[in-house]
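Protein chains in written order, with the numbering used here: chain W, 41 to 279; chain L, 82 to 477. Take a look at the structure below.
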Amino acid sequence: MSGGIAVGTGVVKDDGILVRVRGLERIYKVGDEEVHALRGIDLDIHRGEMIAIMGPSGSGKSTLMHIVGCLDSPTAGILEIDGEDVSRLGEVRLASIRNRRIGFVFQSFNLLPRLTILENVALPLMYAGVPLKARRARAKELLESVGLGDRLSHNPNQLSGGQRQRAAIARALANDPAILLADEPTGALDSLTGQAILDSVKVINARGTTVILVTHDPDVAASCHRAVRLKDGLLEGAA
Amino acid sequence: MMLLENMRSAAQSFGGNKLRTLLSITGIVIGVASVVAITALGQSASANIKNRIAQAGLQTIFVTAGRHSGAEVERLFKDDLTGELREIDGIRDALAYDQRSFQMRAGQNDASDSVATASPAFTDIFSLSMTEGRFISAADMSDRSPVAVLGSELATSLFPDGDALGSTIRLLGEAPQILRVVGILTQRSSSMGVSFDSTLFVPRTTYLARIARSTRVGSFVLYADASRDVVETAKRVETFFTARTGSSTAVRVMSPSTIADTMSGVTETLSAFLTGIAAVSLLVGGIGIMNIMLVSVTERTKEIGVRKALGATPAAIRSQFLVEAVALTATGGALGVGLGLGVSRIVTLALGWGFAVSLGAITLALGVAAATGVFFGLYPASRAARLDPVIALAYE
Numbered sequence: 041m042s043g044g045i046a047v048g049t050g051v052v053k054d055d056g057i058l059v060r061v062r063g064l065e066r067i068y069k070v071g072d073e074e075v076h077a078l079r080g081i082d083l084d085i086h087r088g089e090m091i092a093i094m095g096p097s098g099s100g101k102s103t104l105m106h107i108v109g110c111l112d113s114p115t116a117g118i119l120e121i122d123g124e125d126v127s128r129l130g131e132v133r134l135a136s137i138r139n140r141r142i143g144f145v146f147q148s149f150n151l152l153p154r155l156t157i158l159e160n161v162a163l164p165l166m167y168a169g170v171p172l173k174a175r176r177a178r179a180k181e182l183l184e185s186v187g188l189g190d191r192l193s194h195n196p197n198q199l200s201g202g203q204r205q206r207a208a209i210a211r212a213l214a215n216d217p218a219i220l221l222a223d224e225p226t227g228a229l230d231s232l233t234g235q236a237i238l239d240s241v242k243v244i245n246a247r248g249t250t251v252i253l254v255t256h257d258p259d260v261a262a263s264c265h266r267a268v269r270l271k272d273g274l275l276e277g278a279a
Numbered sequence: 082m083m084l085l086e087n088m089r090s091a092a093q094s095f096g097g098n099k100l101r102t103l104l105s106i107t108g109i110v111i112g113v114a115s116v117v118a119i120t121a122l123g124q125s126a127s128a129n130i131k132n133r134i135a136q137a138g139l140q141t142i143f144v145t146a147g148r149h150s151g152a153e154v155e156r157l158f159k160d161d162l163t164g165e166l167r168e169i170d171g172i173r174d175a176l177a178y179d180q181r182s183f184q185m186r187a188g189q190n191d192a193s194d195s196v197a198t199a200s201p202a203f204t205d206i207f208s209l210s211m212t213e214g215r216f217i218s219a220a221d222m223s224d225r226s227p228v229a230v231l232g233s234e235l236a237t238s239l240f241p242d243g244d245a246l247g248s249t250i251r252l253l254g255e256a257p258q259i260l261r262v263v264g265i266l267t268q269r270s271s272s273m274g275v276s277f278d279s280t281l282f283v284p285r286t287t288y289l290a291r292i293a294r295s296t297r298v299g300s301f302v303l304y305a306d307a308s309r310d311v312v313e314t315a316k317r318v319e320t321f322f323t324a325r326t327g328s329s330t331a332v333r334v335m336s337p338s339t340i341a342d343t344m345s346g347v348t349e350t351l352s353a354f355l356t357g358i359a360a361v362s363l364l365v366g367g368i369g370i371m372n373i374m375l376v377s378v379t380e381r382t383k384e385i386g387v388r389k390a391l392g393a394t395p396a397a398i399r400s401q402f403l404v405e406a407v408a409l410t411a412t413g414g415a416l417g418v419g420l421g422l423g424v425s426r427i428v429t430l431a432l433g434w435g436f437a438v439s440l441g442a443i444t445l446a447l448g449v450a451a452a453t454g455v456f457f458g459l460y461p462a463s464r465a466a467r468l469d470p471v472i473a474l475a476y477e
């Protein structure tokens, strides 16, 4: 990773901030009505941090996750990742950032059902332009590291929920992203399996990957370094 | 880079829904099969027609006077013109020819058929062969012998007992003749209005001396050099007569080669027309592909969302669906080529034609099928590429 060095006021500083959010707003048009999903969010996420974003449904936490994950762009405000303002980038650049800097883990795993888990894990590598052989080798290595080395040619529906989520985590880590963005990763799992998944996320974080966890489960949030809470499109506790 | 993956992804997507895939490419299969079958049958028909006409003698050229021929033609159409006709470039031989209808009798059997003039050269010109006896000889010519050679049908109707050879035939009418049968021809298809099977041939000299009512020649039979373009030779013959009569319509020059050319021109035009119609069904097939691709994009919205989240650019998504569409139409095209060839093979077998396959038409049909995939796949693929990742991911 580059050092996140920003030259602003003539003073060189490395503030250790990986994600900087300033005055972030997102307005949807639903028919003639405007829905203010985010009303001005300021948030700094530090390199190596494991942060929980909490809030009831409709609070805007999904919208925030989508924007931080570069799946969506803000209506107003700034999002910087690693010192680069990404809030006004075009589709192709955003796709590249998602591909290389962000790994997604979803509540419902979102593995492609017709592909084997090896092919699933290799997908981000394909979009990164990695040659086939290297892709397969890397995908195999990743699946071995999550304990699925003996199930490479299985289809997702041949695996248990916990195994699927582990495969999804392997896929998220394929391009060695700076940020792991997990949306209710334990939501579809029983508590024991959920705990195991959470533990492996912690291990990933301990190895240096910044983790952003979207959850409404206080126990999950408690295992993070800190938690922020959204309500009605604003961060609670913020003015 | 991703072509291989895209093709595998396409195969996986089709394999998951075999019946639907098959139904969606039916239009393409039928369209391509029609184009291939029509061109193959057109070519076979054309080759078959040429073959038939060739049997009639591609080297012969017939010259007859037109209906309103003037005095110039009357003067020109004499036996000694053959000498001049032989001088025309590409002509090997020229013969004067007449034929007239006669009432004829052999024993108790009557027939009303043509009497035609012949010379020994006829056997070569029309590739005649004999069942019995011989054809008209040079001696017959110089002696003006009262001999006759019978076509196979005429021999049967005049001599049902098969005792024609050596028997006599009486020509009835204003100049009655008695002719001795010296030969019977093998059955043969007719050529340029000469139905050999129902004609009685006499030496031309005999005809002129005993039967003819005037010295005006009915028509000329020219024998063209096969190593030259016969159609061109026929044109030179036409030019010769136009120059001599001062009119391009006074004389008609016909040759099986010219007719073969015209006929295959007609067949080609017809099959081009039918191919055009078949191509319309390719268009309809393409719309079917577009429909199924739109359904596929909708069904796989979630997948598209996931792929985008993993870093797929719009171009990557577009090429994935384009490859699918082209794979569909190319598969349909390949099946269509097989079907079209199979059908046309069966038809040619049933009709007893030779089988001619046009590689060009097959390549074209496959190319058009693939192009149909690109054309009709582009819109669904672009729609997939333009999907908003957030909305696509939320799709259930």
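Note that the Cβ used here is the ideal one computed from N, Cα and C, for glycine as well. Owing to the predicted nature of the structure, the values given are computational and were not obtained by experimental measurement.
Residue i in three-state terms, based on DSSP
i                      : result
residue 214 of chain W : coil
residue 249 of chain W : coil
residue 158 of chain L : coil
residue 106 of chain W : helix
residue 171 of chain W : coil
residue 282 of chain W : With chain W covering 41 to 279 only, the question about residue 282 of chain W has no answer from this structure.
residue 386 of chain L : helix
residue 301 of chain L : strand
residue 293 of chain L : coil
residue 321 of chain L : helix
residue 480 of chain L : Only positions 82 to 477 of chain L appear in this structure, which leaves residue 480 of chain L out of reach.
residue 223 of chain W : strand
residue 276 of chain W : coil
residue 89 of chain L  : helix
Listed by chain order, chain W residues near residue i by CB distance under 8 Å
i                      : result
residue 384 of chain L : 152
Rounded separation between residue i and residue j - CA only
i                      : j                      : result
residue 110 of chain L : residue 403 of chain L : 19 Å
residue 334 of chain L : residue 317 of chain L : 10 Å
residue 452 of chain L : residue 108 of chain L : 15 Å
residue 42 of chain W  : residue 198 of chain W : With a pLDDT of 40 at residue 42 of chain W, under the threshold of 50, the modelled position of this residue cannot be trusted, and the question is left open.
residue 168 of chain L : residue 299 of chain L : 20 Å
residue 125 of chain W : residue 446 of chain L : 52 Å
residue 116 of chain L : residue 171 of chain L : 40 Å
residue 106 of chain W : residue 419 of chain L : 51 Å
residue 355 of chain L : residue 119 of chain L : 7 Å
residue 71 of chain W  : residue 214 of chain W : 40 Å
residue 244 of chain L : residue 280 of chain L : 18 Å
residue 443 of chain L : residue 429 of chain L : 18 Å
residue 337 of chain L : residue 102 of chain L : 51 Å
residue 130 of chain W : residue 470 of chain L : 13 Å
residue 361 of chain L : residue 313 of chain L : 39 Å
residue 129 of chain L : residue 415 of chain L : 27 Å
Test item: CB-CB of residue i and residue j under 8 Å
i                      : j                      : result
residue 248 of chain L : residue 262 of chain L : yes
residue 109 of chain W : residue 87 of chain W  : no
residue 238 of chain W : residue 200 of chain W : no
residue 141 of chain L : residue 303 of chain L : yes
residue 219 of chain W : residue 240 of chain W : no
residue 101 of chain W : residue 270 of chain W : yes
residue 14 of chain W  : residue 391 of chain L : There is no way to answer for residue 14 of chain W, as the model of chain W reaches only from 41 to 279.
residue 398 of chain L : residue 475 of chain L : no
residue 112 of chain L : residue 357 of chain L : no
residue 234 of chain L : residue 278 of chain L : yes
residue 37 of chain L  : residue 133 of chain L : Absent from the structure is residue 37 of chain L, since the part of chain L shown begins at 82 and ends at 477.
residue 177 of chain L : residue 301 of chain L : yes
residue 94 of chain W  : residue 261 of chain W : yes
residue 229 of chain W : residue 187 of chain W : no
residue 149 of chain W : residue 204 of chain W : yes
Contacts of residue i in chain W (Cβ-Cβ under 9 Å)
i                      : result
residue 417 of chain L : Within 9 Å Cβ-Cβ: nothing; residue 417 of chain L doesn't reach chain W, min ~27 Å.
Those residues which DSSP pairs with residue i across a bridge
i                      : result
residue 75 of chain W  : W:68
residue 374 of chain L : In DSSP, residue 374 of chain L forms no bridge with anything.
residue 280 of chain L : L:195
residue 519 of chain L : There is simply no residue 519 of chain L to check, as chain L begins at 82 and stops at 477 in what is shown.
residue 264 of chain L : L:214, L:230
Chain L residues whose Cβ lies nearer than 9 Å to that of residue i
i                      : result
residue 139 of chain W : 391, 392, 393, 394
residue 267 of chain W : Those within 9 Å of residue 267 of chain W in chain L number zero; the least Cβ separation is about 24 Å.
Chain-ordered neighbours of residue i on chain W, where CB pairs are closer than 7 Å
i                      : result
residue 387 of chain L : 150, 152
Residues that residue i contacts on chain L, provided the C-beta gap is smaller than 8 Å
i                      : result
residue 194 of chain W : Near residue 194 of chain W there are no residues of chain L at all, since even the closest Cβ is about 15 Å away, more than 8 Å.
residue 36 of chain W  : For chain W, the structure presents residues 41 to 279; residue 36 of chain W sits outside this window and is missing.
Chain L residues whose Cβ lies nearer than 7 Å to that of residue i
i                      : result
residue 167 of chain W : 391, 392, 393, 397
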